[in-house]
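Residue numbers (my numbering), protein chains in the order written: chain A, 1 to 401; chain B, 1 to 401.
Just so it is clear, CB atoms sit at the ideal spot from N, CA and C, and this is done for glycine as well.
No experiment lies behind these values; they were computed from the predicted model shown.
These notes are about the structure you will find just below.
2 protein chains.
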Amino acid sequence: MYEPNKLVCDCCERVYDITNKRILCDCGCLLTIEIGDTDFNWSIVRGRPMEVWRYRELIPTPREASIVSMGEGGTPLIEMVRLNSVLKLRGVKVKFEGSNPTGSFKDRGLTVASTMALFFKCRAMIVASTGNTASSMSAYARRAGLKPIVIIPSSGVARGKLGQLKLYGALIVEVSGGFDEAMKAVIEYSKIGSDIYIVNSINPWRIEGQKTIAYEIIEQHGVPDWVVVPVGNGGNIYSIWKGFKEILRLGLIDKIPRMLAVQALGSSPILRAYKSGVYEPFKEPRTIASAIRIGNPVHWRRVLRVIEESRGAVVGVDDSEIIRAHKEIARLEGLGLETSSSTTLAGLKKALEDKVVDRGENAILVATGHALKEPEIIDSYDLELIKVDSVNDLISILSKL
Amino acid sequence: MYEPNKLVCDCCERVYDITNKRILCDCGCLLTIEIGDTDFNWSIVRGRPMEVWRYRELIPTPREASIVSMGEGGTPLIEMVRLNSVLKLRGVKVKFEGSNPTGSFKDRGLTVASTMALFFKCRAMIVASTGNTASSMSAYARRAGLKPIVIIPSSGVARGKLGQLKLYGALIVEVSGGFDEAMKAVIEYSKIGSDIYIVNSINPWRIEGQKTIAYEIIEQHGVPDWVVVPVGNGGNIYSIWKGFKEILRLGLIDKIPRMLAVQALGSSPILRAYKSGVYEPFKEPRTIASAIRIGNPVHWRRVLRVIEESRGAVVGVDDSEIIRAHKEIARLEGLGLETSSSTTLAGLKKALEDKVVDRGENAILVATGHALKEPEIIDSYDLELIKVDSVNDLISILSKL
């Protein structure tokens, strides 16, 4: 019998049609998109551009939907040259998501979510965020011809994070008092025939775009021993794992990698739950790595499941380790990453020390964003400057390097 | 008889061996790399990743050279959806170079130049620039295990442009007095067995990487009617034209596109020479588009030749047109570009008005850099902000959009 794609509740297992606009189950839980029968295989994709929609048989948007895309995905998998000898590892590679159109992996999710927003005949896309998600949403809303709306609490945000929102002309709505209630009301409102579409972390379609990171890793490398992912809300590590699982189920790989979740210690409720068995949010999460500064992750249950099922692990790294890794990966390998991304290198080091990862194993670090996303951080680093006042002095310096 | 690759002087036609480290002819002129016999054809490249080194048969680095790469190139060619109807054009596409590792097309040139630096057994790479070239050089020097050195005049530079240099730990050498003389001395010094390698605009190997933009356009689209390129020093438009010419000579295409050079009016010596026949530098070039703010372009003669041979044109646009285009391409198409890149849209509009480009023709805009390269510009744009203090007000706003 033909098995259709469907939306399934994580808790009560209620099933909805794939074209249902809702993003949460009636019971309040997250919804998962389950792929039905598909004729996907590797030979289908050969010759298609390396990008998210290369895998369209595995992204179950309705056939009638017009795809909203800017060539996202198809990011390079870059072999580490010097880090491998420093870490004494067999092979570390970096999946460089900074080369996506708005500079982060979020674009993979938003190409799919914006495609659905257009399918649902919406006029606006909405998100509560001022970070990479809001930037990506704004770009893809504009690409789809929709208005981008960003909702923020009145506690405000660092103005330095708003550049891309200004460029795209997003509407910022600042809500004073009861922000969580406001979001609930917006979610409720969006269900009943309004023409706005919510693309917060709870949106199930973003997962369907982000999971293509796994498909690309399989094509570019095969199945590694470990995949290392920065964890804030937890949506990305879950997505990547889901991607591997789908290819496994299709019989196109014979194992999935172990997933290593890395949290910043000052914002690590999932690490705490992993260690103690008890989940409790961080009220005031603190870390320089703002992209993973999340006190109460939406996907925390899913992350713990991913770790268990993949025989993975969770590690935590502090800000000084993050900054050290940030500089090391730039100065040893030439890669400019967002600080959240360099947690993967710091986390891998920790996992090696703790003998969670063995030195005979290989690992892929998912570098989720570009260094240019955080101008204030890289500008704060020291400048190595020498002044010379003659040609002779200049040549003398060059000859002594 | 077998025709080898060689270095040929643009003026006196003196020929040097391809493995000669020099970057200028003894007569002081630029050197061009001429491809000799090659077994390149499209079927060779099928199955290789879409990146600069996909075309390695056409990049004549010595066979023994170790390639220094971060997966640069393979940038998306993005179809414009709404601009086509605004401009009443048959087809405008954007080649989005912002998705290169350091955020600009410069990476294509630096992957080749750093490969040669390593081949020449250098210990440092050096450039006089604080813009995209310096950032890219620093990244690729680090990738190659070399020290990045940036030489600047004591007049100083905007500190905001130094973030990537700080991240990569480049050494900045500030030279007071006689900057041009100092550079000449460095070039002279670098010839005679020193272990530094100069990658200024005059370096012939950077051209060999940048020309791959043409190869990719042919594979992704075919030969368009027009290719539109921002022109500062002029190296990029020359490189792209050289790429098309090479494929034409191999008989793999049957025509080359017309090249449209766009200059910012406040920094447009090539436009002036194109119109008046007399070349004279701009002493104080001024434009918001700092990446093409060049008063005395290194490649001005080459650009005029490219325009003549391709039956192209040169147009100029002012800063207000650049800013308008910058916002339009973001808000109509979702693409975040550097201001220098949005000159291509402004220039295409001008060329349409002037009937240089016909509305029946198609055009590819080469967007050379990412919006995130200029945080101070996008941060200066207005923020559309509404404050609400109740859930009802919020819903009311959403329902009225």
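Within 8 Å, strictly: CB atoms of glutamine 220(A) and arginine 108(A): For the purposes of this step, residue 220(A) is taken as the residue at position 220 of the first sequence. For the purposes of this step, residue 108(A) is taken as the residue at position 108 of the first sequence. Contact: no.
Closer than 8 Å to chain A by CB, phenylalanine 96(B): Taking the first residue of the second sequence as 1, we reach residue 96(B) at position 96. Closer than 8 Å: yes.
Limits of the unbroken beta strand (DSSP E) element including glutamate 384(B): In the second sequence, residue 384(B) corresponds to position 384, counting from 1. Unbroken beta strand (DSSP E) run through glutamate 384(B): 384-388.
Any chain A beta carbon closer than 8 Å to aspartate 382(B): Along the second sequence, one-based indexing puts residue 382(B) at 382. Aspartate 382(B) counts as touching chain A.
Test: asparagine 407(B) CB closer than 8 Å to a CB of chain A: Because chain B is modelled from 1 through 401, residue 407(B) falls outside the range shown and cannot be assessed.
Closer than 8 Å at the beta carbon, the chain A residues around lysine 373(B): As a working mapping, residue 373(B) is identified with position 373 in the second sequence. Here the neighbours are Leu372.
Alpha carbon of leucine 352(B) to alpha carbon of aspartate 358(B), nearest angstrom: The residue you call residue 352(B) lines up with position 352 of the second sequence. The residue you call residue 358(B) lines up with position 358 of the second sequence. The straight-line gap from Cα to Cα measures roughly 6 Å.
Nearest to leucine 385(A) (by Cα), restricted to the options Val173(B), Leu146(B) and Leu87(B): Translated into the one-based positions of the first sequence, residue 385(A) becomes position 385. Nearest C-alpha to leucine 385(A): Val173(B).
Enclosing beta strand (DSSP E) for phenylalanine 96(A) [first to last residue]: As a position in the first sequence, residue 96(A) is number 96, starting the count at 1. Start and end: 91-96.
Limits of the beta strand (DSSP E) - the one that alanine 367(A) falls within: As a working mapping, residue 367(A) is identified with position 367 in the first sequence. Run containing alanine 367(A): 362-367, per the beta strand (DSSP E) assignment.
Sequence-distant residues of its chain with Cβ nearer than 6 Å to asparagine 392(A) (five each side left out): As a position in the first sequence, residue 392(A) is number 392, starting the count at 1. Excluding positions up to five away in sequence, the list is empty.
Beta-carbon proximity of glycine 403(A) to serine 268(A), cut-off 8 Å: It is not possible to answer for residue 403(A), since the shown part of chain A is limited to 1 through 401.
Closest by C-alpha distance to leucine 5(A), when choosing among Ile35(A), Leu171(A) and Lys245(A): One-based indexing of the first sequence puts residue 5(A) at position 5. It is asparagine, not leucine, that sits at residue 5(A) in the sequence shown. For asparagine 5(A), the nearest C-alpha among the options comes from Ile35(A).
CB of isoleucine 323(A) within 8 Å of CB of alanine 261(A), strictly: Here residue 323(A) refers to the residue found at position 323 when the first sequence is read from its first residue. Here residue 261(A) refers to the residue found at position 261 when the first sequence is read from its first residue. Not closer than 8 Å, so no.
Among Ile240(B), Asp195(B), Ile364(B) and Leu77(B), the one whose alpha carbon lies nearest that of lysine 21(B): The sequence position of residue 21(B) within the second sequence is 21, counting from 1. The option with the nearest alpha carbon to lysine 21(B) is Asp195(B).
Extent of the continuous alpha helix (DSSP H) to which lysine 350(B) belongs: Counted from its first residue, the second sequence places residue 350(B) at position 350. Element bounds for lysine 350(B): 339-353.
Coil, strand or helix - proline 153(B) by DSSP: Residue 153(B) sits at position 153 when you count from the first residue of the second sequence. DSSP places proline 153(B) in strand when its eight states are reduced to three.
Validate contact between the region 112-129 of chain A and the region 139-153 of chain A using beta carbons, cut 8 Å, 3 pairs: yes
Supposed close pair glycine 243(A), isoleucine 198(A) - CB separation, criterion 8 Å: In the first sequence, counting from the first residue as 1, residue 243(A) sits at position 243. In the first sequence, counting from the first residue as 1, residue 198(A) sits at position 198. Their Cβ separation, rounded to whole angstroms, is 23 Å, which puts glycine 243(A) and isoleucine 198(A) out of contact at 8 Å.
DSSP state of glutamate 246(A) mapped onto helix, strand, coil: Working through the first sequence from its first residue, we reach residue 246(A) at position 246. The answer is helix: DSSP assigns glutamate 246(A) an H, G or I state.
Coarse secondary structure for arginine 324(B), derived from DSSP in three states: Mapped onto the second sequence, residue 324(B) falls at position 324. Of the three classes helix, strand and coil, the one that applies to arginine 324(B) here is helix, per DSSP.
Chain D contact for serine 290(A) (CB, 8 Å cutoff): The structure shown contains no chain D; its protein chains are A and B.
Within 8 Å, strictly: CB atoms of isoleucine 364(B) and proline 230(B): Looking up residue 364(B) in the second sequence gives position 364. Looking up residue 230(B) in the second sequence gives position 230. Their beta carbons are not under 8 Å apart, which means isoleucine 364(B) does not touch proline 230(B) by this criterion.
Isoleucine 59(A) beta carbon less than 8 Å from that of valine 92(A): The count along the first sequence starts at 1 and reaches residue 92(A) at position 92. The count along the first sequence starts at 1 and reaches residue 59(A) at position 59. Contact flag unset, no.
Alanine 117(B) at chain A interface by Cβ criterion, 8 Å: Along the second sequence, one-based indexing puts residue 117(B) at 117. Answer no: the Cβ-Cβ gap between alanine 117(B) and chain A never drops below 8 Å.
Where leucine 252(B) falls: helix, strand or coil (DSSP): Within the second sequence, numbered from 1, the residue matching residue 252(B) stands at position 252. Reduced to three states, the DSSP call for leucine 252(B) is coil.
Local conformation of alanine 124(A) per DSSP, three classes: Here residue 124(A) refers to the residue found at position 124 of the first sequence. Residue state, collapsed to three classes: strand.
Straight-line gap, glutamate 181(A) to cysteine 29(A) (C-alpha atoms, nearest Å): By one-based count along the first sequence, residue 181(A) stands at place 181. By one-based count along the first sequence, residue 29(A) stands at place 29. Using only the alpha carbons, I get a separation of about 16 Å.
Burial state of asparagine 41(B), where buried means 16 or more other Cβ atoms lie within 10 Å: If you number the second sequence from 1, residue 41(B) lands on position 41. Answer is exposed; the Cβ neighbour count stays below 16.
Whole-angstrom distance between glutamate 374(B) and glycine 275(A), CA atom to CA atom: Indexing the first sequence from 1 puts residue 275(A) at position 275. Indexing the second sequence from 1 puts residue 374(B) at position 374. Sequence inspection shows lysine at residue 275(A); the glycine mentioned does not correspond to that position. The straight-line gap from Cα to Cα measures roughly 43 Å.
Cβ pair threonine 102(B), serine 155(B) closer than 8 Å: Sequence index remark: in the second sequence, residue 102(B) carries index 102 (1-based). Sequence index remark: in the second sequence, residue 155(B) carries index 155 (1-based). No, they are not a contact pair.
Closest residue to aspartate 382(B) among Arg249(A), Gly334(A), Asn100(A) and Leu165(A) (Cα-Cα distance): Locating residue 382(B) in the second sequence gives position 382, where the first residue counts as 1. That would be Leu165(A), whose Cα lies nearest to the Cα of aspartate 382(B).
Min CB distance methionine 125(B) to chain A below 8 Å: For this step, residue 125(B) is matched to residue 125 along the second sequence. No - not a single Cβ of chain A is within 8 Å of the one on methionine 125(B).
Whether alanine 141(B) touches serine 114(B) by CB criterion (8 Å): The residue labelled residue 141(B) in the question sits at position 141 within the second sequence. The residue labelled residue 114(B) in the question sits at position 114 within the second sequence. Contact: yes.
is_contact[alanine 330(B), chain A] using C-beta, thresh 8 Å: Counted from its first residue, the second sequence places residue 330(B) at position 330. At least one chain A Cβ lies under 8 Å of alanine 330(B).
Contact set between methionine 50(B) and chain A, taken where Cβ atoms lie within less than 9 Å: Position 50 of the second sequence holds residue 50(B). Those within 9 Å of methionine 50(B) in chain A are Pro49, Met50 and Gly74.
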